[in-house]
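Structure, as structure tokens:
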Amino acid sequence: MTNGGRVLGITAKGEDLKQARQKAYEAVSWVRFENKYMRHDIGKAIDDADV
Numbered sequence: 000m001t002n003g004g005r006v007l008g009i010t011a012k013g014e015d016l017k018q019a020r021q022k023a024y025e026a027v028s029w030v031r032f033e034n035k036y037m038r039h040d041i042g043k044a045i046d047d048a049d050v
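In numbering that gives the first Met the number 0, the protein residues as written are 0 to 50.
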């Protein structure tokens, strides 16, 4: 049960940062509660970087 605010942080490991970010965002689908909202911009610079 939550009444708002930041309630959960999800992290993941991968072969590189791009894969770790992808896995973390995939894991978000495992979490369900009413009025769930998540940011999609966290780590976006990783995908934009040429590494």
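In this text, a Cβ means the ideal position worked out from N, Cα and C, and glycines have one as well.
Counting the other Cβ atoms within 10 Å of the Cβ of Arg-20 gives 16 or more, which makes it buried. Cβ neighbours of Ala-11 within its own chain (closer than 7 Å, five residues either side excluded): Ala-19, Lys-22, Ala-23 and Ala-26. For the 8 Å CB-CB criterion, Leu-7 and Ile-45 do not form a contact.
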